[in-house]
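First up is the structure itself, then whatever we jot down about it.
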Amino acid sequence: MSWFKRATDGLKTQKKKDMPELWLKCQSCGEVIYKKELEKNYHVCAKCDFHFRMKPDDYITLLLDEEQFDEFNANMLSVDFLKFKAKKKYSDQIKAAVKKTGKNDAVRTGFGKIHGQEIVICMMDFSFIGGSMGSVVGEKIARATDEAIKRRLPLIILSASGGARMMEGAISLMQLAKTSTRLAKFAEKGLPFISILTDPTTGGVTASFAMLGDIILAEPGALIGFAGPRVIKQTIGQDLPEGFQRSEFQLKHGFVDAVVSRHEMKEKLKQIIDFTMPAAMNLAENGEFEVGASDTLNQSENDDSTTLNKDVGAN
Ligand SMILES: [Zn+2]
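Per the working numbering, residue 56 is the first one in the sequence shown, and the count goes up by one each step.
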């Protein structure tokens, strides 16, 4: 019967089409989710609470009052000073990433408000060359820290990174020292630095600012570590425990202070700021810490770094 046998030869079976763009499958529980619903739920699976990766724009919606974000240094661009080429030219990678994301590098920094309290916030973007930290990411975080000192504001950094940007060689590694020393100055002023680790926070970012928070929060299920689990497994030749390097594992082992769901993140930040800021302001009023940060804004340091970055106009 032609129902069961092909009556004509040469007909090609149509390939099963991928699921339409409007829907996607949860990586964790397999539930098919309507994309719009997922966006409304801050990219969290309603069935299993899996946290999908988010971009800075989504965090602006999630965390900041009236979605107001006053960005600075947005035009700072990376320069391929080593003329680095592996599979692709680094210069081409930068161009492609700028085109894809519509942003100039893997972090956005600026002012915002959380329940009326002004803050300085830095948000990394994993979709920009794996959220890798090169000279621009390091410089923008250093400048954001200076800005928080100058205005005596809490600092919040959301990390999402595969590590240092190897295409910038040793310069990318220098960003570890640069961001860490600025944060040490920030700590001297008694201001709170809240570090939020999202999926994934690894490599040079874990080895520097991400782990220097006065309070370190993590989103559920985020991969947090220095080397990835595959590399560790190969190196030690042993199976790794279940949930290795995930937020909950790191909480149990003392690397993070709390695992906080996206739905509770803004309230948690408010709670921490309300708890820490009065003390920071008291210290300033009692003259124990100098208000203003002219000493931290070392002009020559800034000049050095701008020779590496093409800063096309402030803001
Ligand atoms: Zn799910």
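Just so it is clear, CB atoms sit at the ideal spot from N, CA and C, and this is done for glycine as well. All of these numbers come straight from a predicted model, not from anything done at the bench.
- Residue side-chain check: Lys102 places its Cβ nearer than 7 Å to a non-hydrogen atom of ligand 1.
- Relative to the Cα of Ile115, the nearest Cα in the group Val260, Ala242, Gly165 and Phe105 belongs to Gly165.
- In the three-state scheme derived from DSSP, where H, G and I count as helix and E and B as strand, Asp64 is classed as coil.
- When DSSP assignments are scanned along the stretch 121-182, the uninterrupted stretches of alpha helix (DSSP H) that are 4 or more residues long and fall wholly within it turn out to be 145-156.
- As the crow flies, the alpha-carbon of Ile291 is around 35 Å from that of Ile149.
- Check the Cα spacing between Leu278 and each of Ile251, Gln289, Asn341 and Ile270: the tightest is with Ile251.
- In the structure shown, Ser190 falls within a helical segment according to DSSP collapsed to helix, strand and coil.
- Assignment of Thr116 by DSSP, reduced to helix, strand and coil, places it in the helix class.
- For Pro333, the enclosing alpha helix (DSSP H) begins and ends at Arg317 to Glu340.
- Apart from sequence neighbours up to five positions away, the residues of its chain that approach Phe264 with a beta-carbon distance below 8 Å are Ile196, Ile212, Ser214, Thr234, Ser235, Leu238 and Ser250, ordered along the chain.
- Within 7 Å of the C-beta of Phe105 there is at least one heavy atom belonging to ligand 1.
- Proximity to Glu322 across Lys142, Asn128 and Gln172 peaks at Gln172, based on C-alpha coordinates.
- For Leu246, there is no enclosing beta strand (DSSP E), since its DSSP letter is neither H nor E.
- In the three-state reduction of the DSSP assignment, Lys80 falls in the strand class, which pools E and B.
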